[in-house]
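In order, the protein sequences belong to chains C and H. Taking the working numbering, the leading residue of the first sequence gets 20, the next gets one more, and so forth. Taking the working numbering, the leading residue of the second sequence gets 9, the next gets one more, and so forth. One structure below.
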Amino acid sequence: MKILVCVSHVPDTTSKINFVDDDTAFDKNGVQFIINPNDEFGLTRAIWFQQKQGAEVTVITVGDPSCEPTLRKCLAIGADRAFRIDLSPTDGFQVAQQLSAHCKDENYDLIIAGRESIDYNGAMVPGMLSALLGYSFLTNCMALEIEGRSVKASREIDGGIESVSCDLPLVVGAQKGLVEEKDLIIPNMRGIMQARQKSLTVVPAVDSSIQSSISKFEKPAPKGAVKMVDANQIDQLIDLLHNEAKVI
Amino acid sequence: MSILIFTETENGKFKKSAFELASYGRAIADPLGVELMAVCFNIQDTSPLESYGVDRLIQISDPSLENFTAHQYAANMAEIAQTHDAKLVILSSSANAKYLAPLLAVSLSAGYASNVVGLPESIEPLRVKRSCFTNKAFNLSTLDNKVNIIGLSNNSYPVSENPKEMVVEQKKAILSETSFKVEKVEKASGQVSIADADIVVSGGRGLKGPENWHLIEDLASTLGAATACSKPVSDMGWRPHSEHVGQTGKPVASNLYIAIGVSGAIQHLAGINSSKVKVVINNDPEAPFFKAADYGVVGDAFEVVPELIKKLKAFKYNE
Numbered sequence: 020m021k022i023l024v025c026v027s028h029v030p031d032t033t034s035k036i037n038f039v040d041d042d043t044a045f046d047k048n049g050v051q052f053i054i055n056p057n058d059e060f061g062l063t064r065a066i067w068f069q070q071k072q073g074a075e076v077t078v079i080t081v082g083d084p085s086c087e088p089t090l091r092k093c094l095a096i097g098a099d100r101a102f103r104i105d106l107s108p109t110d111g112f113q114v115a116q117q118l119s120a121h122c123k124d125e126n127y128d129l130i131i132a133g134r135e136s137i138d139y140n141g142a143m144v145p146g147m148l149s150a151l152l153g154y155s156f157l158t159n160c161m162a163l164e165i166e167g168r169s170v171k172a173s174r175e176i177d178g179g180i181e182s183v184s185c186d187l188p189l190v191v192g193a194q195k196g197l198v199e200e201k202d203l204i205i206p207n208m209r210g211i212m213q214a215r216q217k218s219l220t221v222v223p224a225v226d227s228s229i230q231s232s233i234s235k236f237e238k239p240a241p242k243g244a245v246k247m248v249d250a251n252q253i254d255q256l257i258d259l260l261h262n263e264a265k266v267i
Numbered sequence: 009m010s011i012l013i014f015t016e017t018e019n020g021k022f023k024k025s026a027f028e029l030a031s032y033g034r035a036i037a038d039p040l041g042v043e044l045m046a047v048c049f050n051i052q053d054t055s056p057l058e059s060y061g062v063d064r065l066i067q068i069s070d071p072s073l074e075n076f077t078a079h080q081y082a083a084n085m086a087e088i089a090q091t092h093d094a095k096l097v098i099l100s101s102s103a104n105a106k107y108l109a110p111l112l113a114v115s116l117s118a119g120y121a122s123n124v125v126g127l128p129e130s131i132e133p134l135r136v137k138r139s140c141f142t143n144k145a146f147n148l149s150t151l152d153n154k155v156n157i158i159g160l161s162n163n164s165y166p167v168s169e170n171p172k173e174m175v176v177e178q179k180k181a182i183l184s185e186t187s188f189k190v191e192k193v194e195k196a197s198g199q200v201s202i203a204d205a206d207i208v209v210s211g212g213r214g215l216k217g218p219e220n221w222h223l224i225e226d227l228a229s230t231l232g233a234a235t236a237c238s239k240p241v242s243d244m245g246w247r248p249h250s251e252h253v254g255q256t257g258k259p260v261a262s263n264l265y266i267a268i269g270v271s272g273a274i275q276h277l278a279g280i281n282s283s284k285v286k287v288v289i290n291n292d293p294e295a296p297f298f299k300a301a302d303y304g305v306v307g308d309a310f311e312v313v314p315e316l317i318k319k320l321k322a323f324k325y326n327e
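Spelled out as structure tokens, the structure:
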């Protein structure tokens, strides 16, 4: 089985978010970048298929050279090879087109991407990629088992879980729950050394179109001061929620 | 030309998001003088939608579409959008809508903006404000395409009544051959889901163990609220992942969010930032969450919460 894991290089979850150039660009200054957490859950599941079912795991990102440490980390975690499509993308559709061009040459059986990235939260790439390739698609994936060409999987829905079955090829939108947090692989020294020897291929971008662009960022308006209520006067809290905030 | 909304249902009834989308769609359709259309799947009583300004409802009833399947629903939506020359398709931000939208976008060659908050700033080209960086920021997106799709954030647009003469049209479903099958849907009955809840009650490590969760559950049931938890609580297995709210968990956009024994790490705050009113109950006056809260109570959860439940019951009784 050939698996592709699509990863995004995103600011660490603890990052303070600021903007520069008259609020038109994200301020990368002092920001630590990580593998998008939803992608990392997917990668971890892919490595499980590699170890238990002999799958071959490729990782790919669409980005500039600054994304390469994230690909190296994926290789250190256990991916067999990596690709970087050399383009700073403008929107999710452009990313999906680039990935789809790569996938058409490679015929992957299973493609895993995070259900969304934690920076732009577009939630576009896995679904669009599946549609461009004509593959089945399952997002918010919580469990994934494959026997031969048959897939059994489950998806988190609002207020519950849905079990589905389908055949490969499939695109999966991964999220927390696909693997447990404790099963995430922290690269060891051997993995890091091996990663240096593995292939990381830079490929030129293909022609692609864009459908949306960002003209401006803004931060939420600063919040008013918190109103403190004495723990012995809970009636006052109920009164504030009812008469002032009007939420109960 | 028209504007098309995808209305979602639960147990054969429209969800609140259907009325939000109709109200939102009406507000866009009016100045443009175009028709507001809606699509619904497998619903008997369509009359509740009449109050919210929909001109035409396309009703698809087919037992094989009983369970939501993104590609089948997308194919039906795409055909209707093309037949009626929809320039704008509006969906909610539910798990199903976010599953469907990218498929629909590709089949309509449409641009798609998810997590949109509020009405567009311009229509031609479409310019919308959406949340990004998991609610730590917003961005203005411009979508200059023949057809565009908006995914409206839950609870970000008020429902407003605007009764119209609604034409209801039956349409036969298009069904494609596929290996994809929904085998089973498991839903906790009688519980409010985090995505649909007006009020969410959330517990953190301060509750000391899963055996104390009755406090959270009792408060939630008193308020008709959904229950949620912080990341450490779900990581330790005290509560299921589905309750984890925060940057890597679920986003919360409720009217009222009550956090009990949650310190307020930046990742947690990111996930709940879109909630309108935040109440924090914590025994540590230095907990960072107080800075992000509207109302705060410094006190022992094991004393404050039972007291709050008692007083709320009395309040509800007197109402």
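Note that beta-carbon positions come from the ideal geometry of N, C-alpha and C, so glycine has one too.
Give me the Cα-Cα distance between residue i and residue j, rounded to the nearest whole angstrom.
| i | j | result |
| --- | --- | --- |
| H/R213 | H/I268 | 9 Å |
| C/M247 | H/F297 | 12 Å |
| H/G159 | H/G119 | 11 Å |
| C/A162 | C/K123 | 26 Å |
| C/N126 | C/K21 | 8 Å |
| H/I224 | H/V313 | 8 Å |
| C/Q252 | C/D258 | 10 Å |
| C/G49 | H/Y81 | 44 Å |
| H/N156 | H/V42 | 15 Å |
| H/H252 | C/V24 | 25 Å |
| C/Q69 | C/P145 | 21 Å |
| C/L118 | H/F49 | 33 Å |
| H/E177 | C/K265 | 39 Å |
| H/C140 | C/R103 | 24 Å |
| C/P241 | C/G141 | 25 Å |
| H/T150 | C/D31 | 27 Å |
| C/S85 | C/F52 | 10 Å |
| H/K319 | C/D254 | 7 Å |
Out of the options, which one is the CA nearest neighbour of residue i?
| i | options | result |
| --- | --- | --- |
| H/T142 | C/N207, C/I66, C/N57, C/I257 | C/N57 |
| H/K154 | H/A196, H/V167, H/E132, H/A228 | H/E132 |
| H/A86 | C/S107, C/F68, C/A150 | C/A150 |
| H/V3 | H/D63, H/V305, H/D53, H/I317 | In the structure as shown, chain H starts at 9 and stops at 327, and residue 3 of chain H therefore has no counterpart that could be examined. |
| H/L40 | H/A94, H/A78, H/H79 | H/A94 |
| C/I233 | H/L134, H/G257, H/S101, H/A113 | H/L134 |
| H/L277 | H/W246, H/K319, H/S210, H/G232 | H/S210 |
| H/I11 | H/E28, H/T17, H/A37, H/N19 | H/A37 |
| H/I51 | H/S59, H/Y32, H/L73 | H/L73 |
| H/I13 | H/S31, H/V47, H/S25, H/F22 | H/V47 |
| H/K179 | H/A103, H/D70, H/S139, H/V208 | H/D70 |
| C/T220 | C/E75, C/D99, C/A44, C/K35 | C/D99 |
| C/M147 | C/I229, C/N207, C/L94 | C/I229 |
| H/A35 | H/N170, H/R138, H/Q255, H/S229 | H/N170 |
| C/A244 | H/K318, H/L215, H/N263, H/V285 | H/V285 |
| H/V287 | H/F310, H/N263, H/S59, H/N123 | H/N263 |
| H/G307 | C/H261, C/D254, C/A250, C/A120 | C/A250 |
| H/Y303 | H/N123, H/I266, H/A309, H/E315 | H/I266 |
So residue i is in the beta strand (DSSP E); what residue range does that whole segment cover?
| i | result |
| --- | --- |
| C/D41 | From DSSP, C/D41 is part of no beta strand (DSSP E); its letter is neither H nor E. |
| C/C185 | 179-186 |
| H/T3 | What the structure shows of chain H is the stretch from 9 to 327, and residue 3 of chain H is not part of that stretch, so it cannot be assessed. |
| C/F156 | 155-166 |
| C/C86 | Per DSSP, C/C86 belongs to no beta strand (DSSP E) and is neither H nor E. |
| C/F236 | 232-237 |
Going by the DSSP bridge assignment, what does residue i pair with across the sheet?
| i | result |
| --- | --- |
| C/P9 | Since the first residue of chain C shown is 20 and the last is 267, residue 9 of chain C is not available in this structure. |
| C/F52 | C/P30 |
| H/F141 | DSSP output for H/F141 lists no bridge partner at all. |
| H/K195 | C/G179 |
| H/Y303 | C/K246, H/V287 |
| H/Q67 | H/C48, H/Q178 |
| C/T80 | C/R103 |
| H/H252 | H/C237 |
Could you give the residue range of the alpha helix (DSSP H) that holds residue i?
| i | result |
| --- | --- |
| H/I88 | 78-91 |
| C/M208 | 208-216 |
| C/Q116 | 111-125 |
| C/L146 | According to the sequence as given, residue 146 of chain C is Gly; it is not Leu. From DSSP, the alpha helix (DSSP H) with C/G146 extends over 144-152. |
| H/I280 | 274-280 |
Sufficient close CB pairs (3 or more, under 8 Å) joining the segment 270-280 of chain H to the segment 198-218 of chain C: The segment 198-218 of chain C and the segment 270-280 of chain H do not touch, with fewer than three beta-carbon pairs separated by less than 8 Å.
The segment 176-196 of chain H touching the segment 174-185 of chain C, judged by at least three CB pairs closer than 8 Å: A contact exists between the segment 176-196 of chain H and the segment 174-185 of chain C.
Validate contact between the segment 90-109 of chain H and the segment 155-174 of chain C using beta carbons, cut 8 Å, 3 pairs: Touching, yes, given that three or more Cβ pairs across the two stretches are closer than 8 Å.
Inter-stretch contact at 8 Å, needing at least 3 Cβ pairs: the segment 129-147 of chain C / the segment 188-198 of chain C: Three or more Cβ pairs drawn from the segment 129-147 of chain C and the segment 188-198 of chain C lie within less than 8 Å of each other, which places the two stretches in contact.
Sufficient close CB pairs (3 or more, under 8 Å) joining the segment 100-116 of chain C to the segment 30-42 of chain C: No, the segment 100-116 of chain C is not in contact with the segment 30-42 of chain C.
The segment 51-65 of chain C / the segment 199-210 of chain C touching (three or more Cβ pairs under 8 Å): The answer is yes - the segment 199-210 of chain C touches the segment 51-65 of chain C, with three or more Cβ pairs under 8 Å.
The segment 115-129 of chain H in contact with the segment 221-236 of chain H per 3-pair CB rule at 8 Å: No, the segment 115-129 of chain H is not in contact with the segment 221-236 of chain H.
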